[in-house]
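S.K.: Counting from 1, position 243 in the sequence shown corresponds to residue 436 in the UniProt record's numbering; the numbering is continuous, with no gaps.
Beta carbons are placed, not taken as given, at the ideal position from N, Cα and C, and that holds for glycine.
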Amino acid sequence: QWTTASIVDDQVARIRAQIGDGHAICGLSGGVDSAVAAALVQRAIGDRLTCVFVDHGLLRAGERAQVERDFVAATGVNLVTVDARQRFLSALAGVTDPEEKRKIIGREFIRVFEQAARDLKAKGEAEFLVQGTLYPDVVESGGGTGTSNIKSHHNVGGLPEDLRFSLVEPLRLLFKDEVRRVGLELGLPETIVHRQPFPGPGLAIRIIGEVTAGRLETLRAADAIAREELSAAGLDSDIWQCPVVLLADVRSVGVQGDGRTYGHPVVLRPVSSEDAMTADWTRLPYDVLERISTRITNEVADVNRVVLDVTSKPPGTIEWE
Ligand code: XMP
């Protein structure tokens, strides 16, 4: 019978056997899987692990701090943050097509991460690449939710010659709930271990229209309010996730104070799901919806309307792009 503690001990022993006195690198996405994989490897080889966090500027409020402050405090891991916000904004300028956004973000992410890996490798500080691949990913590779978006690219064969790594995949035999238990066993904060799914391309696919710095700021503020109110109402474990979407290319007329406004709508997309393959819209209490709506329209400049998405999946997807 496997207990969580024995899974940890077993994995730590295996990682030590695989890496020996070598060095490893791990990309952190802010999600559960990469965090737990990194924490396991850190437990096994200590400061011979370096984590790399690419800030693409498409994260929600507080997510960078969660990695830089909370994850580092919990694990003591070596962390390199690459600030690539401007690079991603430039690459996304003028782009409105959802698939094109995803492709650009995936491509830029790989380039930034590879450069960081190349730098560490040149210093002799990375021969192994840690990935948070889970058992379901192994069985049916391709359909990941919330995992690192470098996954399909960083397999050993697909990399340039100077960037070949041996893979370390300590979560290969685990399901998501086991990964969360291992994370707690390793002392990771609840906010990381129980984080709801968040797409790799981040807020870029929740802005309908071109992604700009100002629009990101608007969406980030609205999203933070929705998350705050849902948490305060104790609803985090009742919903699978609640994307907040900015209809940046739509304007509607409103009235606020004694003036006419002409602002953007924000969509709340609370969903209930088991595995994200199908989903139902969550019947949130009206008083919670009201608080979110009032606060967003009062506190977020440029947003004068909050609407609720009542579409299940299918026919809708969870995200709008
Ligand atoms: P959809 O919109 O396809 O989303 O119903 C299903 C689940 O997947 C998440 N999602 C992504 N996760 N990279 C990710 O890591 C992505 O590009 C991506 N797109 C969607 C979404 O948040 C939901 O949980």
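When DSSP labels each residue in this structure, what does I200 get in the three-state scheme?
M.R.: Along the sequence shown, one-based indexing puts residue 200 at 7. Correct three-state label for I200: helix.
S.K.: Whose C-alpha, out of V464, F306, E410, is nearest the C-alpha of P507?
M.R.: Counting from 1 along the sequence shown, the entry for residue 507 is found at position 314. The candidate whose alpha carbon is nearest that of P507 is V464.
S.K.: Tell me whether W195 is buried or exposed, calling it buried when 16 or more other Cβ atoms sit within 10 Å of its Cβ.
M.R.: Stepping through the sequence shown from its first residue, residue 195 is reached at position 2. It counts as exposed.
S.K.: Between the alpha carbons of L439 and L409, how many angstroms are there, rounded?
M.R.: Residue numbering aside, residue 439 sits at position 246 when the sequence shown is read from its first letter. Residue numbering aside, residue 409 sits at position 216 when the sequence shown is read from its first letter. Rounded to the nearest angstrom, the two C-alpha atoms are 9 Å apart.
S.K.: Using a Cβ-Cβ cutoff of less than 7 Å, which residues in the same chain neighbour I297 once the five nearest sequence positions on both sides are dropped?
M.R.: On the sequence shown, residue 297 is found 104 positions in, with the first residue counted as 1. Within the same chain, I297 has close Cβ partners A284, L285, V288.
S.K.: CA-CA distance, A426 and R207?
M.R.: Here residue 426 refers to the residue found at position 233 of the sequence shown. Here residue 207 refers to the residue found at position 14 of the sequence shown. Cα to Cα, the separation comes out at about 42 Å.
S.K.: To the nearest angstrom, report how far apart residue 158 and A277 are at their CA atoms.
M.R.: Coverage of the chain is limited to positions 194 through 514, which leaves residue 158 absent and any answer about it impossible.
S.K.: Tell me whether E512 counts as near ligand 1, meaning its Cβ is closer than 7 Å to at least one heavy atom of that ligand.
M.R.: The count along the sequence shown starts at 1 and reaches residue 512 at position 319. It does: the Cβ of E512 is within 7 Å (strictly closer) of some heavy atom of ligand 1.
S.K.: Reducing DSSP to helix, strand and coil, say where I398 ends up.
M.R.: In the sequence shown, the residue the question calls residue 398 occupies position 205. In the structure shown, I398 sits in a helix (DSSP, three-state: H, G or I).
S.K.: Among A217, F302, Y455, G393, whose alpha-carbon lies nearest the alpha-carbon of R444?
M.R.: Sequence index remark: in the sequence shown, residue 444 carries index 251 (1-based). The candidate whose alpha carbon is nearest that of R444 is Y455.
S.K.: Please report how far the alpha carbon of G509 lies from the alpha carbon of D429, in whole angstroms.
M.R.: Start at 1 with the first residue of the sequence shown, and residue 509 comes out as number 316. Start at 1 with the first residue of the sequence shown, and residue 429 comes out as number 236. Computed Cα separation, rounded: 22 Å.
S.K.: Classify E422 as buried or exposed, calling it buried when 16 or more other Cβ atoms lie within 10 Å of its own Cβ.
M.R.: Stepping through the sequence shown from its first residue, residue 422 is reached at position 229. It counts as buried.
S.K.: Any heavy atom of ligand 1 within a distance shorter than 7 Å of the CB on P507?
M.R.: On the sequence shown, residue 507 is found 314 positions in, with the first residue counted as 1. No.
S.K.: Give the straight-line distance between the Cα atoms of A210 and P363, rounded to the nearest whole angstrom.
M.R.: Taking the first residue of the sequence shown as 1, we reach residue 210 at position 17. Taking the first residue of the sequence shown as 1, we reach residue 363 at position 170. One C-alpha to the other measures close to 12 Å.
S.K.: The alpha helix (DSSP H) that contains T490, what's its start and end?
M.R.: Mapped onto the sequence shown, residue 490 falls at position 297. Start and end: 479-492.
S.K.: Alpha carbon to alpha carbon, what distance is there between E292 and D473?
M.R.: Against the sequence shown, residue 473 aligns to sequence position 280. Against the sequence shown, residue 292 aligns to sequence position 99. Those two C-alpha atoms are separated by around 24 Å.
S.K.: Would you call the CB atoms of A254 and R413 closer than 8 Å?
M.R.: For the purposes of this step, residue 254 is identified with residue 61 of the sequence shown, where counting begins at 1. For the purposes of this step, residue 413 is identified with residue 220 of the sequence shown, where counting begins at 1. In this structure, R413 lies closer than 8 Å to A254 by Cβ.
S.K.: Measure the beta-carbon distance from V245 to V270 and round it to whole angstroms, keeping in mind my assumption that it falls under 8 Å.
M.R.: The count along the sequence shown starts at 1 and reaches residue 245 at position 52. The count along the sequence shown starts at 1 and reaches residue 270 at position 77. So it is not a contact: roughly 11 Å between Cβ atoms.
S.K.: Look up S283 in the DSSP assignment and say whether it is helix, strand or coil.
M.R.: To locate residue 283, count along the sequence shown from 1; it is residue 90. It is helical.
S.K.: For V225, which option in G213, D290, E371 has the closest C-alpha, if you only look at C-alpha atoms?
M.R.: One-based indexing of the sequence shown puts residue 225 at position 32. Looking at the Cα atoms, E371 is the closest of the given residues.
S.K.: Note down, in chain order, each residue of its chain lying with its Cβ closer than 6 Å to the Cβ of D263, except the 5 sequence neighbours on either side.
M.R.: Here residue 263 is taken as the residue at index 70 of the sequence shown, counted from 1. So the list reads P382, once near-sequence residues are dropped.
S.K.: What I want to know is whether the C-beta of F391 ends up closer than 7 Å to one or more non-hydrogen atoms of ligand 1.
M.R.: Along the sequence shown, one-based indexing puts residue 391 at 198. Checking every heavy atom of ligand 1 against the Cβ of F391, one is found closer than 7 Å.
S.K.: Excluding the five sequence neighbours on either side, which residues of its own chain have a C-beta within less than 7 Å of the C-beta of L272, listed in chain order?
M.R.: As a position in the sequence shown, residue 272 is number 79, starting the count at 1. Excluding sequence neighbours, L272 sits near C244, F246, E261, V265.
S.K.: Cα separation between V496 and D330?
M.R.: Reading the sequence shown from its first residue, position 303 is the one you call residue 496. Reading the sequence shown from its first residue, position 137 is the one you call residue 330. Answer to the nearest angstrom: the Cα atoms are 39 Å apart.
S.K.: Evaluate G250 with the Cβ neighbour count: other Cβ atoms within 10 Å of its Cβ, from every protein chain shown; 16 or more gives buried, anything less gives exposed.
M.R.: Locating residue 250 in the sequence shown gives position 57, where the first residue counts as 1. The residue in question, G250, is buried, as its Cβ has 16 or more Cβ neighbours within 10 Å.
S.K.: Using DSSP with H/G/I as helix, E/B as strand and the rest coil, what is V503?
M.R.: Numbered from its first residue, the sequence shown carries residue 503 at position 310. Coil, per DSSP.
S.K.: Note down, one range per segment and in chain order, each alpha helix (DSSP H) of at least 4 residues found wholly within the region 351-405.
M.R.: As far as the region 351-405 is concerned, its whole alpha helix (DSSP H) runs of at least 4 residues are 369-378, 383-386.
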